[in-house]
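So the structure is just underneath, and the comments pick up after that.
There are 2 protein chains.
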Amino acid sequence: MPTPTLAEVARHAGVTPATVSNVLRGRGRVGEATRERVLAAIAALGYRPHLPARALAEGRAPTMALMVPSIANPFYPEFALAVENALRNTGQFLIICNTDGDPVTGRAYLEQIAGTLSEGVLVTNANLDFDDLRRTESRGAPVVLCMWERPLEPPGLPCVAVDFRLAGELAARHLIELGHWRVGAIVGSKATGIHAARYEGFLDAMRAAGLDGAAAPTIFTPDTTQGGYAAARELLGRHPDLTALFTTNDLPALGAMQAAADLGFDVPRQLSVVGITDIQLASESRPALSTVAVPTAEAAGLAVKLLRELIAQTGRAAKERKAPREATVCVTSAPRLVVRASTARAPTA
Amino acid sequence: MPTPTLAEVARHAGVTPATVSNVLRGRGRVGEATRERVLAAIAALGYRPHLPARALAEGRAPTMALMVPSIANPFYPEFALAVENALRNTGQFLIICNTDGDPVTGRAYLEQIAGTLSEGVLVTNANLDFDDLRRTESRGAPVVLCMWERPLEPPGLPCVAVDFRLAGELAARHLIELGHWRVGAIVGSKATGIHAARYEGFLDAMRAAGLDGAAAPTIFTPDTTQGGYAAARELLGRHPDLTALFTTNDLPALGAMQAAADLGFDVPRQLSVVGITDIQLASESRPALSTVAVPTAEAAGLAVKLLRELIAQTGRAAKERKAPREATVCVTSAPRLVVRASTARAPTA
DNA sequence: ATGAAAGCGCTAACAA
DNA sequence: TTGTTAGCGCTTTCAT
Numbered sequence: 001m002p003t004p005t006l007a008e009v010a011r012h013a014g015v016t017p018a019t020v021s022n023v024l025r026g027r028g029r030v031g032e033a034t035r036e037r038v039l040a041a042i043a044a045l046g047y048r049p050h051l052p053a054r055a056l057a058e059g060r061a062p063t064m065a066l067m068v069p070s071i072a073n074p075f076y077p078e079f080a081l082a083v084e085n086a087l088r089n090t091g092q093f094l095i096i097c098n099t100d101g102d103p104v105t106g107r108a109y110l111e112q113i114a115g116t117l118s119e120g121v122l123v124t125n126a127n128l129d130f131d132d133l134r135r136t137e138s139r140g141a142p143v144v145l146c147m148w149e150r151p152l153e154p155p156g157l158p159c160v161a162v163d164f165r166l167a168g169e170l171a172a173r174h175l176i177e178l179g180h181w182r183v184g185a186i187v188g189s190k191a192t193g194i195h196a197a198r199y200e201g202f203l204d205a206m207r208a209a210g211l212d213g214a215a216a217p218t219i220f221t222p223d224t225t226q227g228g229y230a231a232a233r234e235l236l237g238r239h240p241d242l243t244a245l246f247t248t249n250d251l252p253a254l255g256a257m258q259a260a261a262d263l264g265f266d267v268p269r270q271l272s273v274v275g276i277t278d279i280q281l282a283s284e285s286r287p288a289l290s291t292v293a294v295p296t297a298e299a300a301g302l303a304v305k306l307l308r309e310l311i312a313q314t315g316r317a318a319k320e321r322k323a324p325r326e327a328t329v330c331v332t333s334a335p336r337l338v339v340r341a342s343t344a345r346a347p348t349a
Numbered sequence: 001m002p003t004p005t006l007a008e009v010a011r012h013a014g015v016t017p018a019t020v021s022n023v024l025r026g027r028g029r030v031g032e033a034t035r036e037r038v039l040a041a042i043a044a045l046g047y048r049p050h051l052p053a054r055a056l057a058e059g060r061a062p063t064m065a066l067m068v069p070s071i072a073n074p075f076y077p078e079f080a081l082a083v084e085n086a087l088r089n090t091g092q093f094l095i096i097c098n099t100d101g102d103p104v105t106g107r108a109y110l111e112q113i114a115g116t117l118s119e120g121v122l123v124t125n126a127n128l129d130f131d132d133l134r135r136t137e138s139r140g141a142p143v144v145l146c147m148w149e150r151p152l153e154p155p156g157l158p159c160v161a162v163d164f165r166l167a168g169e170l171a172a173r174h175l176i177e178l179g180h181w182r183v184g185a186i187v188g189s190k191a192t193g194i195h196a197a198r199y200e201g202f203l204d205a206m207r208a209a210g211l212d213g214a215a216a217p218t219i220f221t222p223d224t225t226q227g228g229y230a231a232a233r234e235l236l237g238r239h240p241d242l243t244a245l246f247t248t249n250d251l252p253a254l255g256a257m258q259a260a261a262d263l264g265f266d267v268p269r270q271l272s273v274v275g276i277t278d279i280q281l282a283s284e285s286r287p288a289l290s291t292v293a294v295p296t297a298e299a300a301g302l303a304v305k306l307l308r309e310l311i312a313q314t315g316r317a318a319k320e321r322k323a324p325r326e327a328t329v330c331v332t333s334a335p336r337l338v339v340r341a342s343t344a345r346a347p348t349a
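Line by line, the protein sequences are chains B and W.
Under UniProt numbering, the residue at position 160 of the first sequence is numbered 160, and the numbers go up by one with no gaps.
Under UniProt numbering, the residue at position 111 of the second sequence is numbered 111, and the numbers go up by one with no gaps.
Dropping the structure here:
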């Protein structure tokens, strides 16, 4: 027996669909007696509301979309879990869109589901075209950038920002305080790419310590374990005297540690490695990775909150769509250093 | 300007909605001239079909649901990615349901979306109640168990089965062939739990080698890195003469390697460790984990395929719903051993 | 307090 | 070849 419809419940209870709908949503006045009868019918028939139909009638959409480059990249599942938790009990569900880092794939998703299946879109560094995102917005589906890296330079789209420059600075400062001054940098993006702010933080810290950060051996590489691995090999090969590696993300940091292990470097005795983010893996590696923890779960929660607010202002329900350009930037709490086993005092030359 | 409706496109093209619908789906004959006009109108207005409305009219649902205990557990994102890839271009999207291993949470998801938002349900070891699943089925939403561990003992629900007993046997045989005979076992479930078949494979291999597997020190522990870590510490503490650890899953294996490292054991020189599954992390650990690779991507593809077939037989479209009890068990190709750096010849006593 | 009716955006017979 | 008419399951005025 397929799920009964609201109409069948109504018939069973001897009322009209409107009444059933009313008891279901607590709208309109309903007599105590009939309410009970309706509730009984619902229970008896095992009625469950048809979400798409309800959404259609309400002019809403039953899901939110989360755009990620690849859910298999260890950062995103953690983020997705937090998003899903935030969504729980809102009556909306989470659709995962893997863009593969390809703007065309990303656009295809937006075209298909934004505003129809999904009421709003959460975007992580999925390499989407900003024009596509703005078009999505203008079609009525709010967009929130989930991990914007520069709180002071909003992107012109609603976002939740994390102070990644500070994260970079904290990581570098940690190294410096341990006495390191020959430190290499592994940046998980192009020079002007997504990790630039983190690298700037590194440079700031070096400068503050009277060191010439710009002279530090630096490699720009893909933001992956493999990228970090390759970069570390190259860095360590060319500059065997380095005592520490600054890395803009945990995955490359983990890769760098593997490279160090394969090269016979003792981490942290001969070489310190520090990352940024504090994904789960960071505490599970051996040696455990020292890193700068970033409030990802908090960011996920804020992103969902912001998205829902934007929807409330935009949707059919909105009285007047006020220009929301104001409060569309949330900033998370600050990153903080987590010292584990991959960093130690610089070896005295 | 919110997305235009099909009716607006029709008006713009000077035809009726039915005609637009026809050109959109290639049904019914449409004159070449009008088709062009309609296409032009679609392009001009930037029309995009409203997925829930379409699904409602078609009597389908616009998504598939994937039930996982936690998307943050490293195995599931890999599986989810494969599922999403298999779904791509089917016009359906993937909803992630984290059950947290809690049957009640799982039931809540099924109640809400199975058959309404989601046309079918893919289930991994999310610890769901089989009665709930059967009820879901009987309400018209097909269910597929995605990683059934015993091809020879189907569960009474459609499933794709992986020969995990064989996986366990291969892992154990590998150890035996390397000359290990004092091997401990770490099982990532209760004795009668999900990993029992893998453990049986271990016992089979031991027996075949004339060893008393039942006498092997064994610990049943949660299927996590931490579980493996704790189990290995205990095992190694009580039996410091063990030369190898058999593990029913990669995560506990990785945990066991960490424990070994913390205890000062040299892996693989003093201690070999082998896992099962071959998740990405397995090749990224140091030493890289020897393991038995299981065809997860293949399983994901088969699961989606099977689910779609079941839907085709069940849906409103089905001519006659034939009893599908027959072909509802897919078996993947066999697991295979992947030797990496965590296993070596047993040290000669 | 309840019912009647229209409509959300789309599809699918069936007519013309 | 195209248009007409219902209807998918639900919500929501507006009457009664």
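Cβ atoms here follow ideal geometry from the backbone N, Cα and C, with glycine treated the same way.
For L170/W and V83/W, the rounded distance between their alpha carbons: About 27 Å.
Exposure of G188/B, with buried meaning 16 or more beta-carbon neighbours within 10 Å: buried
Those runs of the beta strand (DSSP E) which lie wholly inside the segment 248-301 of chain B and span at least 3 residues: Complete beta strand (DSSP E) runs here, min 3: 272-277, 290-293.
Complete alpha helix (DSSP H) runs within the segment 83-113 of chain W (minimum length 4 residues, chain order): 103-113
Strand pairing of C159/B, partner residues [DSSP]: C159/B has L145/B, V329/B as its beta-bridge partners, per DSSP.
Candidates T332/B, L306/B, G301/B: closest to F79/B by CA position: G301/B
Beta-carbon proximity of L236/W to L263/W, cut-off 8 Å: In terms of Cβ geometry, L236/W and L263/W form a close pair [threshold 8 Å].
N125/W to P222/W span [Cα, whole Å]: 13 Å
Check whether T248/B and G168/B have beta carbons under 8 Å apart: yes
Contact check, R150/W vs A261/B, beta carbons under 8 Å: Annotated as distal: R150/W and A261/B, with beta-carbon spacing of 8 Å or more.
Through-space distance from V162/W to H50/B, alpha-carbon basis: 35 Å
Sub-8 Å separation of P52/B and A55/W beta-carbons: Taking 8 Å as the Cβ cut-off, P52/B and A55/W qualify as a contacting pair.
Cβ of R345/W within 8 Å of any chain B Cβ: no
Cutoff 8 Å: T3/B Cβ touching any chain W Cβ: yes
Supposed contact pair A7/B and R37/B - C-beta distance, whole angstroms, cut 8 Å: Not really, about 16 Å apart at Cβ, beyond 8 Å.
Where the alpha helix (DSSP H) through G227/B begins and ends: 225-238
Proximal chain B residues relative to L307/W, where beta-carbon distance stays under 9 Å: By Cβ distance, chain B contributes nothing, its closest Cβ being about 17 Å from L307/W, past 9 Å.
CB contact below 8 Å: G101/B versus chain W: no
C-beta neighbour in chain W for T116/B, strict 8 Å: yes
Option in S70/B, G115/B, Q112/B with minimal Cα separation from D102/B: S70/B
DSSP state of L170/W mapped onto helix, strand, coil: helix
Closest Cα partner of R336/W within the set R165/W, G193/W, A259/W, L271/W: R165/W
Own chain, CB closer than 6 Å to V23/B, minus 5 neighbours either side, in chain order: V30, R35, V38
Short-range partners of chain B found in the segment 79-95 of chain W, where Cβ spacing is below 7 Å: A80, L81, E84, F93, L94, I95
Beta-carbon proximity list for G115/W, same chain, < 8 Å, skipping 5 on both sides: A61, T136, R139, G140, A141
Residue span of the alpha helix (DSSP H) that contains residue 350/W, given as start and end: Residue 350/W lies beyond the stretch modelled for chain W, which goes from 1 to 349, so this question has no answer here.
Per-residue burial, F119/W [other beta carbons within 10 Å of its own, 16 or more giving buried]: Checking the displayed sequence, the identity of residue 119/W turns out to be Glu instead of Phe. That one is buried.
With 16 other Cβ atoms within 10 Å as the buried cut-off, status of D129/B: Counting other Cβ atoms within 10 Å of its Cβ, D129/B stays below 16 and is therefore classed as exposed.
Anticipated Cβ contact below 8 Å, A259/B with A232/B, distance rounded: 4 Å
Proximity of T63/W and I96/W at Cβ, strictly below 8 Å: no
Residue from T314/B, P347/B, E153/B, T296/B with nearest C-alpha to C146/B: T296/B
Boundaries (first-last residue) of the alpha helix (DSSP H) holding E153/W: Note, E153/W: premise wrong, no alpha helix (DSSP H); not H, not E.
Opposing strand residues paired with L122/B [DSSP bridges]: Residue pairing by DSSP places L122/B opposite L66/B, V144/B in a beta bridge.
Supposed close pair Q226/W, G255/W - CB separation, criterion 8 Å: 6 Å
Minimum Cβ-Cβ distance from I71/W to chain B less than 8 Å: Closer than 8 Å to some Cβ of chain B, the Cβ of I71/W qualifies, so yes.
T16/B burial status per 10 Å Cβ neighbour count (16 or more: buried): Result: exposed.
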